[in-house]
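Note that the UniProt record's numbering has the sequence shown beginning at 1, numbered continuously upward. To keep things clear, I will list the structure first and then write my remarks on it.
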Amino acid sequence: MRCDYHTHTTYSDGSFLGWMVHAAESAGLDAIGITDHCIVSSREGPRHQRENMGFNLDVTYERRRAAIDALNERRDIDVIDGVEMDFHPDDETEIAAFLDEVGFEYAVGSVHEVDGTNVHFEDHFAEQSAAARRDHVTTYFDRLVALIESELFDIAAHVDLIERNSTLRGLATDEQYRRVAEAFTDSRTVPELNAGRVLSEYGEVHPTPQFMEILREEGVEFVFGTDSHDPSEIEPRKEELEKFAATHGVETTTLAL
Ligand SMILES: [Zn+2]
Ligand SMILES: [Zn+2]
Numbered sequence: 001m002r003c004d005y006h007t008h009t010t011y012s013d014g015s016f017l018g019w020m021v022h023a024a025e026s027a028g029l030d031a032i033g034i035t036d037h038c039i040v041s042s043r044e045g046p047r048h049q050r051e052n053m054g055f056n057l058d059v060t061y062e063r064r065r066a067a068i069d070a071l072n073e074r075r076d077i078d079v080i081d082g083v084e085m086d087f088h089p090d091d092e093t094e095i096a097a098f099l100d101e102v103g104f105e106y107a108v109g110s111v112h113e114v115d116g117t118n119v120h121f122e123d124h125f126a127e128q129s130a131a132a133r134r135d136h137v138t139t140y141f142d143r144l145v146a147l148i149e150s151e152l153f154d155i156a157a158h159v160d161l162i163e164r165n166s167t168l169r170g171l172a173t174d175e176q177y178r179r180v181a182e183a184f185t186d187s188r189t190v191p192e193l194n195a196g197r198v199l200s201e202y203g204e205v206h207p208t209p210q211f212m213e214i215l216r217e218e219g220v221e222f223v224f225g226t227d228s229h230d231p232s233e234i235e236p237r238k239e240e241l242e243k244f245a246a247t248h249g250v251e252t253t254t255l256a257l
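Right under this line is the structure:
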């Protein structure tokens, strides 16, 4: 893996920028993309999420950019000024205007929420019927397809994030995977191999091998993203991603920046 396209710093819910960059360099990477969370929706739910989490990259990106520039002068590794934006189809206009104004080197788009709730929140979905949970999975993939079709993003993050949640796991269908794969073939957006939970309770890379095979049948390419929030996560997750790619014979690509 030459570039890790998905990492977080103290500009959202990760660790000091300098520590993340140092860890990436020690892990033998040529480049690290810094993709702090950013929410620009004016809808009530996302606004509360932004406040609760203390996310404010939409305000602090210039400071972060200055820090990235300074690191690029001192370090051999390339530090890339990216972002991970929460995506919802209702927010397309706001996201487009923000990205246009700010000019990150690349943007990662993520569907983090269904049913007004973060996908990770097990208790919320555990109380619901199997039919309701299947509907949420359908909604998740509808939003992911909208994300890909929006052409706003270079990368679609953790494309089967719902698998992290044990109450939503295994409900996705090959038909949903196929729709996503077909959307990617018509879009500039590429999915990532994401290691965000590969060494914790979920224990798998995103996407699942089954989803990945369908994506590959449609000729979709991937980039690497460790989704690290702590410097100690970068190297072991990088190794897991390389192992996964080797096992499944996946070639990964790089963004033309
Ligand atoms: Zn994410
Ligand atoms: Zn992330």
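Built from N, CA and C at the ideal position, the CB exists for glycine as well.
message = Between the region 222–239 and the region 177–189, can you find at least three pairs of beta-carbon atoms closer than 8 Å?
response = no
- Item | Start and end residues, alpha helix (DSSP H) containing S150 | 130–150
- Please name the residue or residues paired with D36 in a DSSP beta bridge. V83
Taking all protein chains shown into account, decide if S12 is buried (16 or more other Cβ within 10 angstroms of its Cβ) or exposed. buried
- Item | Same chain, Cβ closer than 7 Å to D58, neighbours up to 5 away in sequence not counted | C38, V40, F98
Which runs of the alpha helix (DSSP H) at least 4 residues long sit entirely within the region 150–194? Give them in chain order. 174–185
For the alpha helix (DSSP H) holding G18, just list the boundary residues, first then last.
-> 17–26
| task | Run the proximity test for H88: is its beta-carbon closer than 8 Å to any non-hydrogen atom belonging to ligand 1? | result | no
Q.
Distance check for Q49 and T117, CA to CA, integer angstroms please.
A. 9 Å
(Q) Does V223 come out as helix, strand or coil in the three-state DSSP assignment? (A) strand
message: I believe I95 touches F87 by the beta-carbon criterion, under 8 Å. Please report the beta-carbon distance rounded to the nearest angstrom.
response: 7 Å
- Query: Count the other CB atoms within 10 Å of the CB of P209; is the residue buried (16 or more) or exposed (fewer)?
  - Reply: exposed
Around the Cβ of A24, are there at least 16 other Cβ atoms within 10 angstroms (buried) or fewer (exposed)?
buried
| task | Please find out if some non-hydrogen atom of ligand 2 comes closer than 8 Å to the beta-carbon of D227. | result | yes
| message | Assuming V59 is part of the beta strand (DSSP E), what are its boundary residues? | response | V59 -> not in any beta strand (DSSP E); alpha helix (DSSP H) instead, spanning 57–74.
Check for me: the beta strand (DSSP E) holding G109 runs from which residue to which?
106–110
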